[in-house]
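Have a look at the structure below, then the notes.
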Amino acid sequence: MNNSTTAASAHTQGSGKTPACCQNGTGATHSHSSNPAQADQTQQTPQAPQASLQHMTSHTVVRIALIAALNCALTLICLLALSGLAWGPIQFRVSEAVCVLALFMPEAIGGLTLGCVLANIINITVSGAGALGLLDVVFGSFATALGAWFTWHYRNRPLLALAGPVVANALIVPAYLPLLLSGLGFYTIPFTTIALDNSYVFMYIFGVVTIGIGEGVVIYAIGYQVYRVLAACHFDRFIKQENN
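If you read the sequence shown in the working numbering, its first letter stands for residue 614, the second for the next number, and so on.
This is the structure:
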């Protein structure tokens with residue numbers, strides 16, 4: 614290489630001019646990214662998982678509807694078959710056993726509540742309970758929702774979780790039942806002639822004890838066994854697979 618060529622090369626590098634290989638036809642300089650992966654990420658536009666969201670939403674709606682229908686049907690059967698033992702201060706509403714579904718899925722909270730609302734509305738229509746029957750629609754359904762929420766929240770401890778429906782119904786339902794049943798003989802202590810109808814406090818305490826016992830028998834003697842059968846059948850795995 615002669616000196617003139619070396620000098621020309623040095624002049625080109627020192628002048629800061631961009632070599633021709635990096636220019637387009639108009640002399641404009643191309644910008645090359647030093648990180649190809651970053652360039653690919655820039656070109657890609659993130660897309661929301663709409664299909665997955667719709668899938669989850671449809672499953673949620675279907676589960677709530679199925680649980681509501683099941684709870685409503687079983688409750689109406691109990692009301693017809695057991696009569697006062699399904700809605701009086703001494704009650705064994707066997708349909709409460711389905712509350713164990715809240716151990717497996719959060720949709721059971723809405724499903725059980727909706728089923729309770731529907732069953733109480735239908736019962737009002739059939740029995741002609743009138744405006745006072747709305748107390749059962751509002752507060753009875755609230756007790757169901759509260760109990761189901763407690764069950765789902767403590768689902769990892771089933772025996773504790775199932776205390777939710779027992780306590781919720783034992784504390785809330787007796788508060789309004791005296792307004793519906795006072796004077797009809799429901800608040801006479803069993804096997805005695807002692808009537809409590811003249812005292813709201815005594816009627817409430819009587820209801821707390823009797824409804825608590827009845828709900829506890831149904832939940833733990835029947836519901837807990839239903840839970841064990843479903844758990845043995847890996848019902849929780851089935852729910853997870855459906856979610857996927």
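Each residue gets a CB set at the ideal place from its N, CA and C atoms; glycine is no exception.
Next on the checklist: Less than 8 angstroms between C-beta atoms, sequence neighbours within five positions excluded: which residues of the same chain meet that for Leu748?
Outcome noted: Here the question's residue 748 lines up with position 135 in the sequence shown. Around Leu748: Tyr789, Leu792, Leu793.
Checklist entry - By DSSP, does Thr801 sit in helix, in strand, or in coil? => result Along the sequence shown, read from residue 1 onward, the residue named residue 801 stands at position 188. Per DSSP, reduced to three states, the secondary structure at Thr801 is strand.
Next on the checklist: Mapping the DSSP letters down to three states, classify Ala808 as helix, strand or coil.
Outcome noted: Taking the sequence shown and counting its residues from 1, the one referred to as residue 808 is at position 195. DSSP places Ala808 within a strand segment (E or B) once states are collapsed to three.
Item to check | C-alpha gap between Ile677 and Asn856, whole angstroms | outcome: Within the sequence shown, residue 677 is the residue found at index 64, counting from 1. Within the sequence shown, residue 856 is the residue found at index 243, counting from 1. Here the alpha carbon of Ile677 sits roughly 14 angstroms from the alpha carbon of Asn856.
Item to check | Presumed contact (8 angstroms Cβ cut-off) between Thr764 and Ala732, rounded CB distance | outcome: Here residue 764 corresponds to residue number 151 of the sequence shown, with the count starting at 1. Here residue 732 corresponds to residue number 119 of the sequence shown, with the count starting at 1. With a beta-carbon spacing of about 19 angstroms, Thr764 and Ala732 fall beyond the 8 angstroms limit used to define contacts.
Item to check | Classification of Thr625 by the beta-carbon crowding that lies within 10 angstroms, buried from 16 upward | outcome: Sequence index remark: in the sequence shown, residue 625 carries index 12 (1-based). Per-residue confidence for Thr625 stands at a pLDDT of 43, beneath the threshold of 50, marking its modelled position as unreliable; the derived number appears in the next sentence. Burial call: exposed.
Next on the checklist: If I measure Cβ to Cβ from Thr757 and keep anything under 6 angstroms in the same chain, skipping five residues before and after, which residues do I get?
Outcome noted: To locate residue 757, count along the sequence shown from 1; it is residue 144. Only Leu725, Thr726, Cys729 meet the Cβ criterion.
Next on the checklist: Using 8 angstroms as the cut-off, can you tell me whether the region 819 to 829 makes contact with the region 838 to 856, which would need three or more C-beta pairs spanning the two stretches below that distance?
Outcome noted: With the cut-off at 8 angstroms, the region 819 to 829 and the region 838 to 856 do not touch.
Item to check | Proximity winner among Thr801, Glu720, Pro803, Ile735, relative to Trp762 (alpha-carbon distances) | outcome: Residue numbering aside, residue 762 sits at position 149 when the sequence shown is read from its first letter. If we check each option's Cα against that of Trp762, Glu720 comes out closest.
Next on the checklist: Tell me which residues share the same chain as Gln704 and place their Cβ nearer than 7 angstroms to its Cβ, disregarding the 5 neighbours each side in the sequence.
Outcome noted: Within the sequence shown, numbered from 1, the residue matching residue 704 stands at position 91. Cβ neighbours of Gln704 beyond the five flanking positions: Leu698, Ile824, Gly827.
Next on the checklist: Nearest by alpha-carbon distance to Leu759: which of Thr738, Ser812, Pro778, Tyr837 is it?
Outcome noted: For the purposes of this step, residue 759 is taken as the residue at position 146 of the sequence shown. With distances taken between Cα atoms, Leu759 lies closest to Pro778.
Next on the checklist: Given this structure, state the Cα-to-Cα distance separating Ser812 from Thr805, to the nearest angstrom.
Outcome noted: Start at 1 with the first residue of the sequence shown, and residue 812 comes out as number 199. Start at 1 with the first residue of the sequence shown, and residue 805 comes out as number 192. Going by the C-alpha atoms only, they are around 17 angstroms apart.
Checklist entry - Any idea if Arg706 is buried or exposed, counting beta-carbon neighbours within 10 angstroms, 16 or more meaning buried? => result The residue labelled residue 706 in the question sits at position 93 within the sequence shown. Buried, since its Cβ has 16 or more Cβ neighbours within 10 Å.
Item to check | Cβ neighbours of Asp849 in the same chain (closer than 7 angstroms, five flanking residues each side left out) | outcome: What you label residue 849 is simply residue 236 of the sequence shown in a count that begins at 1. Counting only Cβ-Cβ distances below 7 angstroms, and skipping sequence neighbours, we find Phe717.
Next on the checklist: Using only the alpha-carbon positions, how far apart do Tyr833 and Ala781 sit?
Outcome noted: For the purposes of this step, residue 833 is taken as the residue at position 220 of the sequence shown. For the purposes of this step, residue 781 is taken as the residue at position 168 of the sequence shown. Distance between the alpha carbons of Tyr833 and Ala781 is about 15 angstroms.
Checklist entry - Is Ser671 buried or exposed, if buried means 16 or more other CB atoms sit within 10 Å of its CB? => result Taking the first residue of the sequence shown as 1, we reach residue 671 at position 58. With fewer than 16 Cβ atoms within 10 Å of its Cβ, Ser671 is classed as exposed.
Next on the checklist: Checking 8 angstroms against the spacing of the C-beta atoms, do Val821 and Leu784 come in under that value?
Outcome noted: As a position in the sequence shown, residue 821 is number 208, starting the count at 1. As a position in the sequence shown, residue 784 is number 171, starting the count at 1. Yes; because the gap between Cβ atoms is below 8 angstroms, this pair is in contact.
Checklist entry - What is the rounded straight-line gap between the Cα of Leu683 and the Cα of Ile802? => result Counting from one through the sequence shown, the residue named residue 683 turns up at place 70. Counting from one through the sequence shown, the residue named residue 802 turns up at place 189. Cα to Cα, Leu683 sits roughly 34 angstroms from Ile802.
Item to check | Nearest-angstrom Cβ-Cβ length linking Tyr800 and Met816, presumed shorter than 8 angstroms | outcome: The residue given as residue 800 occupies position 187 in the sequence shown. The residue given as residue 816 occupies position 203 in the sequence shown. Confirmed, Cβ separation roughly 5 angstroms.
Checklist entry - Cα separation between Ala710 and Asp810? => result The sequence position of residue 710 within the sequence shown is 97, counting from 1. The sequence position of residue 810 within the sequence shown is 197, counting from 1. Cα atoms of Ala710 and Asp810: separation of roughly 30 angstroms, rounded to the nearest angstrom.
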